[in-house]
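Structure, as structure tokens:
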Amino acid sequence: MCAVSAPAWRGPVLVTGTDTGVGKTIVTAAVAAAAQAAGLRVAVVKPGQTGTATGEPADADTVERLAAPTTTRTLASFPEPLAPLTAARVAGLPPLELYTVVDEVRAEADKHDLVLVEGAGGLLVPMGLRPSGEPWTLADLAVSLGAPAVVVARAGLGTLNHTALTLEALDRRAVPAGVVLGAWPAEPELVHWANLSELVPHLRGALPDGAGRMDPGVFRRSAPGWLTPALYGVLDDWRAWAEDVQ
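Count the sequence shown with our numbering and you get residues 57 to 302, in order.
The structure is reproduced here in structure tokens:
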């Protein structure tokens, strides 16, 4: 049950999820913290932040607080907590244009070793419009950038189907991908252990539930222990990890 060893990803890396609320922002922060601990210059780019009218902290603010990457950017913000393209239309604001986002991410890649691009919701959520007027998704952005993807998944019931669908969609587009569990419970049940066993071939990390509420210093010191070497962590044996968290 050892994790699959792989070279650490550099350049643009997309962070998507099997759904909304699965922990993409905290995983993004953890990867940023682990990479910076390894000596990399890290940028985090949020193409479209929605829900700014709710008063909740923006994702970039959360990443900045927890990981303090070299650069943190949000390219566009929209008031309503909807898919970015829908939120832009409701607000009467210009939607995100695919190749503008591609250019912005590539510009950051020229200045940093790793650029984490955090999506919104799941892989196929409409993010904005192409020059042709057709919607584009985070999957399209991955293809345009030639970038791999981190898929953030739940640990509990239903995750196997959602994760498999997301991985299949990425595989059909020839996008390399690995899975990180966004919140491993403090008291896992049978379903969590069973899902862990099924996902091990794809796993590149697992964060403890509540990681986002940690003191930032503790979060940064702990992050490498949650991730495999592909994401600049030190986790290389899931059996040992499982025994340690029991």
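Idealized CB from N, CA, C, for every residue including glycine. These figures come from a predicted structure and were not determined experimentally.
Bounding residues of the alpha helix (DSSP H) (the contiguous stretch that carries residue i)
i: G261; result: Segment L259 to P264 is the beta strand (DSSP E) holding G261; no alpha helix (DSSP H) there.
i: G273; result: P272 to S278
i: L252; result: L246 to L255
i: V87; result: K80 to A93
i: D159; result: L154 to A165
Cutoff 7 Å; reference residue i; Cβ partners in own chain excluding five residues on either side
i: P125; result: A88, Q92, V98, A99, V100 and V119
i: T110; result: P137
i: D115; result: T81, K102, Q105 and E174
i: T130; result: K102, Q105, A114 and A116
i: E112; result: none
Residue i, DSSP secondary structure in three states
i: S133; result: strand
i: L102; result: It should be pointed out that residue 102 corresponds to Lys in this sequence rather than to Leu. Of the three classes helix, strand and coil, the one that applies to K102 here is strand, per DSSP.
i: L213; result: coil
i: G234; result: strand
i: V60; result: Unreliable placement is indicated for V60, whose pLDDT of 42 sits below 50; no coordinate value is reported for it.
i: L180; result: coil
i: D293; result: strand
i: A205; result: strand
i: T118; result: helix
i: A242; result: coil
i: E224; result: helix
i: P191; result: strand
i: T110; result: helix
i: T128; result: strand
i: P285; result: helix
i: L96; result: coil
i: R229; result: coil
Enclosing beta strand (DSSP E) for residue i [first to last residue]
i: P140; result: Run containing P140: none in the beta strand (DSSP E); it sits in the alpha helix (DSSP H), P140 to A147.
i: T72; result: G67 to G73
i: G172; result: In the sequence on display, residue 172 carries Leu and not Gly. Its beta strand (DSSP E) spans residues L170 to E174.
Heavy atom of the ligand PLP within 7 Å of residue i beta-carbon
i: K80; result: No copy of the ligand PLP appears in this structure; indeed no ligand is present at all.
Beta-carbon contacts of residue i that lie in its chain and below 6 Å, excluding the five residues immediately before and after
i: P151; result: L141, A144, G184 and L185
i: V60; result: With a pLDDT of 42 at V60, under the threshold of 50, the modelled position of this residue cannot be trusted; read the value that follows with caution. For V60, where only same-chain residues beyond five positions count, there are no Cβ hits under 6 Å.
i: T127; result: A99
i: V146; result: E136
i: H218; result: T74
i: L213; result: V247
Cβ distance (whole Å) where residue i is taken to contact residue j below 8 Å
i: P241; j: D265; result: 5 Å
i: L4; j: G261; result: A query on residue 4 cannot be resolved here, the shown segment of the chain reaching from 57 to 302 and no further.
i: V71; j: V83; result: 6 Å
i: L283; j: A123; result: With a Cβ gap of about 12 Å, L283 and A123 do not count as contacting.
i: V231; j: A205; result: 5 Å
i: A165; j: G67; result: 5 Å
i: L170; j: L259; result: L170 to L259, Cβ: 20 Å. No contact.
i: A86; j: A267; result: 7 Å
i: T215; j: N251; result: 6 Å
Close beta carbons around residue i, own chain, < 8 Å, minus the five adjacent residues each side
i: A225; result: L179, L180 and A195
i: P191; result: L141, P182, M183, G184 and L185
i: E153; result: G184, L185, R186 and P187
i: R229; result: A195, A198 and V199
Exercise. Should the region 187-204 be called in touch with the region 236-250, which here means at least 3 C-beta pairs below 8 Å?
Worked result: Flag = no, the region 187-204 and the region 236-250 do not touch.
Exercise. Would you say the region 69-83 touches the region 166-181, given that touching needs at least three Cβ pairs under 8 Å?
Worked result: yes
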